[in-house]
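Chemist:
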């Protein structure tokens with residue numbers, strides 16, 4: 006496995022591979038890998054001839070007062086993990102390589118970017134859409150892999166890729182969870198002591214919804230109230246939202262039908278956590 | 006020459022050509038061709054193995070009250086002209102092919118988009134940057150051709166292409182003028198009777214500046230005042246701006262040095278006209 010810092014070099018590698026008829030996969034990440042990232046990489050490894058993981062803690066998707074400086078980093082460990090699943094390249098640019106002086110373009114997906122997490126993190130999805138558009142051009146892969154855990158990010162990127170006519174397939178990979186149900190996240194490192202137990206409330210609320218849907222409940226407000234009750238029982242956790250919506254426009258549903266996204270966000274100690282489940286409702 | 010309406014089809018054609026090692030050129034246009042467009046096409050024809058001209062009157066770059074409906078169109082004439090210079094393909098999509106239901110992404114170049122013409126046409130350069138980013142992905146050419154006549158558009162597109170890491174070269178082609186100096190424009194069709202004579206004031210003001218620079222003048226306000234004087238002599242023409250600026254950020258210059266853009270915009274009768282000259286000043 007090779008570490009590449011320059012845009013021109015990784016593009017050359019990918020273009021050569023594509024000219025030779027190979028399928029290239031890209032796994033965009035911010036590093037500090039966990040089993041969720043490894044799952045993205047394994048899936049890409051299984052489906053593509055050449056796999057690039059990009060590792061870039063993108064400053065433009067962090068707001069003022071967010072955890073850009075504190076965001077966990079461990080490049081050597083990440084390199085070892087990527088190597089262990091047989092990846093070909095890590096693209097690990099410096100911020101100055103991605104945002105040279107004079108940089109002034111952004112990509113924005115209207116509607117999807119200022120709701121849910123976007124309402125709490127203004128500018129976040131603009132930063133995501135912009136850096137991902139850049140990565141799509143720097144690493145011209147046929148297949149790109151994103152985690153279902155970041156459901157809104159996934160919706161934003163799918164929409165951006167379709168709207169701007171990027172010639173690639175966005176592949177969504179299911180959320181990987183700890184044994185007790187906590188969704189894997191690089192930010193779980195912030196959870197200490199009691200926070201780690203409290204954090205289970207997100208998955209617990211989602212499982213509550215899952216159980217109700219399984220049992221035939223189709224009333225959105227009933228499900229929402231039951232989930233709210235799960236959070237109410239744990240006042241140390243600061244619930245940001247419970248959303249029951251469609252998976253494409255992320256608009257609130259009045260009745261459960263088709264592909265339904267149930268997503269939650271909450272502050273647990275110093276961590277801001279998100280989780281979701283997708284249901285196919287008849 | 007073939008006319009292609011579908012994005013998927015033109016991309017397939019271009020990808021096949023590139024896989025065979027051919028150089029592909031793209032000439033994005035809104036049609037109603039004149040000698041300026043032909044010059045772009047001839048240049049592309051001379052430099053590339055396969056040349057696609059896109060012909061799409063992009064609704065998102067017209068503001069409310071602008072001339073989207075009135076914008077001149079003559080597809081059969083355009084097809085004949087493109088054929089006469091030996092082009093390979095016209096990509097001529099319907100608006101619904103470019104902006105299907107649910108479309109909600111835009112590309113914006115900050116700083117460059119809200120000055121000069123952008124101050125008068127809010128949203129215009131956002132519409133331009135967005136459709137051009139789409140065209141870059143739909144027709145993945147190595148070389149794309151734009152006219153120097155639209156100097157601000159050229160600056161916006163060069164910046165967008167660099168910022169979003171599109172792997173292509175943006176080629177600027179010099180403005181083509183009528184014998185009397187009027188810059189070619191599809192909108193010159195709006196000029197009738199006396200307006201046609203009045204329209205020469207833009208080129209006249211630019212030639213005044215050129216003469217002064219040639220004679221050694223380096224004082225921006227002297228040049229600007231002299232140009233203003235040329236417009237003042239023709240009160241039927243409504244001057245929008247005279248800009249003396251750099252060619253990259255389009256920021257006003259205090260002294261003439263290096264590559265200098267002098268640009269003017271004015272309303273002449275029903276037409277809004279722009280023109281410019283670029284000077285290399287020692």
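Residue numbers (our numbering), protein chains in the order written: chain A, 6 to 287; chain B, 6 to 287. The beta-carbon is built from N, C-alpha and C at its ideal position, and this holds for glycine as well. Since we're looking at a predicted model, the values are computed, not measured.
Mind checking who residue 264 of chain A pairs with in its DSSP beta bridge?
Modeler: Answer by DSSP bridge pairing, in chain order: A/285.
Chemist: With a threshold of 8 Å between beta carbons, is residue 258 of chain B in contact with chain A?
Modeler: no
Chemist: Kindly say whether residue 61 of chain A, judged by its beta-carbon, lies nearer than 8 Å to any beta-carbon of chain B.
Modeler: no
Chemist: Assuming residue 140 of chain A contacts residue 240 of chain A (C-beta within less than 8 Å), just tell me the rounded distance between them.
Modeler: About 41 Å separates the Cβ atoms of residue 140 of chain A and residue 240 of chain A, ruling out a contact at the 8 Å cut-off.
Chemist: Do you know whose CA, among A/54, A/131, A/249, A/111, lies nearest residue 117 of chain A's CA?
Modeler: Among A/54, A/131, A/249, A/111, the Cα nearest to that of residue 117 of chain A belongs to A/131.
Chemist: Kindly indicate which residue of B/250, B/23, B/46 has the alpha-carbon position closest to the one of residue 178 of chain B.
Modeler: B/46
Chemist: Which residue spans inside the segment 146-228 of chain A form an unbroken beta strand (DSSP E) run of at least 3?
Modeler: 148-152, 174-178
Chemist: DSSP beta-bridge partners for residue 113 of chain B?
Modeler: A/111
Chemist: Thinking residue 169 of chain B and residue 110 of chain A are a contact (beta carbons under 8 Å), I'd like their distance in whole angstroms, please.
Modeler: 6 Å
Chemist: Please confirm whether residue 251 of chain A has its beta-carbon closer than 8 Å to some beta-carbon of chain B.
Modeler: no
Chemist: Quick one: residues in its chain with C-beta nearer than 6 Å to the C-beta of residue 7 of chain B, no 5 flanking neighbours on either side, listed in chain order?
Modeler: 94
Chemist: Taking the straight line between their C-alpha atoms, what separation do you get for residue 276 of chain B and residue 13 of chain B?
Modeler: 36 Å
Chemist: From which residue to which residue does the alpha helix (DSSP H) around residue 60 of chain A run?
Modeler: No alpha helix (DSSP H) holds residue 60 of chain A; the beta strand (DSSP E) holding it covers 55-60.
Chemist: With distances taken from CA atoms, which of B/42, B/261, B/89 is nearest residue 219 of chain B?
Modeler: B/261
Chemist: Where do the ends of the beta strand (DSSP E) carrying residue 144 of chain B lie?
Modeler: Careful: residue 144 of chain B lies outside any beta strand (DSSP E) and carries neither H nor E.
Chemist: What is the rounded straight-line gap between the Cα of residue 153 of chain B and the Cα of residue 211 of chain A?
Modeler: 57 Å
Chemist: Closer than 7 Å, Cβ to any Cβ of chain B: which residues of the segment 142-174 of chain A, in chain order?
Modeler: 142, 143, 164, 165, 168, 169, 170, 171, 172
Chemist: Find the nearest neighbour of residue 236 of chain A within the set A/194, A/121, A/189, A/209, judged by alpha-carbon distance.
Modeler: A/209
Chemist: Would residue 175 of chain A and residue 166 of chain A qualify as a contact pair, given that the criterion is a beta-carbon distance under 8 Å?
Modeler: One thing to note: residue 175 of chain A has its Cβ within 8 Å of the Cβ of residue 166 of chain A.
Chemist: I'd like the span of the alpha helix (DSSP H) that includes residue 96 of chain B, first residue to last.
Modeler: No alpha helix (DSSP H) contains residue 96 of chain B, which is instead part of the beta strand (DSSP E) from 94-96.
Chemist: Do the segment 112-126 of chain B and the segment 80-94 of chain B meet, that is, are 3 or more Cβ pairs less than 8 Å apart?
Modeler: With the cut-off at 8 Å, the segment 112-126 of chain B and the segment 80-94 of chain B do not touch.
Chemist: Distance, Cα to Cα, residue 253 of chain A vs residue 266 of chain A?
Modeler: In this structure, the alpha-carbon of residue 253 of chain A lies about 9 Å from that of residue 266 of chain A.
Chemist: When DSSP labels each residue in this structure, what does residue 245 of chain A get in the three-state scheme?
Modeler: strand
Chemist: Would you please verify whether the beta carbon of residue 65 of chain A is less than 8 Å from any beta carbon of chain D?
Modeler: Of the protein chains in the structure, A and B, none is chain D.
Chemist: So residue 111 of chain A contacts chain B; which residues on that side make the cut at Cβ distance below 8 Å?
Modeler: 112, 113, 115
Chemist: For the candidate residues B/245, B/248, B/195, whose alpha-carbon lies nearest to that of residue 77 of chain B?
Modeler: B/195
Chemist: Does DSSP classify residue 20 of chain B as helix, strand or coil?
Modeler: helix
Chemist: Excluding the 5 residues preceding and the 5 following residue 273 of chain A in the sequence, name in chain order all residues of the same chain whose CB lies nearer than 6 Å to its CB.
Modeler: 200, 203, 204, 242
Chemist: Look at the Cβ atom of residue 60 of chain A, then the Cβ atom of residue 26 of chain A, and state whether they are nearer than 8 Å.
Modeler: At a Cβ-Cβ threshold of 8 Å, residue 60 of chain A and residue 26 of chain A do not count as neighbours.
Chemist: Closer than 7 Å by beta-carbon distance: list the chain A residues that pair up with residue 12 of chain B, in chain order.
Modeler: 170
Chemist: Using alpha carbons as the reference points, say which of A/68, A/9, A/67, A/43 lies closest to residue 102 of chain A.
Modeler: A/9
Chemist: Just list the residues that DSSP pairs residue 270 of chain B with in beta bridges.
Modeler: B/246, B/279
Chemist: Using a Cβ-Cβ distance cut-off of 8 Å, determine whether residue 16 of chain B contacts chain A.
Modeler: yes
Chemist: Comparing alpha-carbon positions, which option in B/20, B/39, B/43, B/38 lies nearest residue 55 of chain B?
Modeler: Among B/20, B/39, B/43, B/38, the Cα nearest to that of residue 55 of chain B is on B/20.
Chemist: Taking the beta carbon of residue 69 of chain A as the centre, do at least 16 other beta carbons fall within 10 Å, making it buried, or is it exposed?
Modeler: exposed
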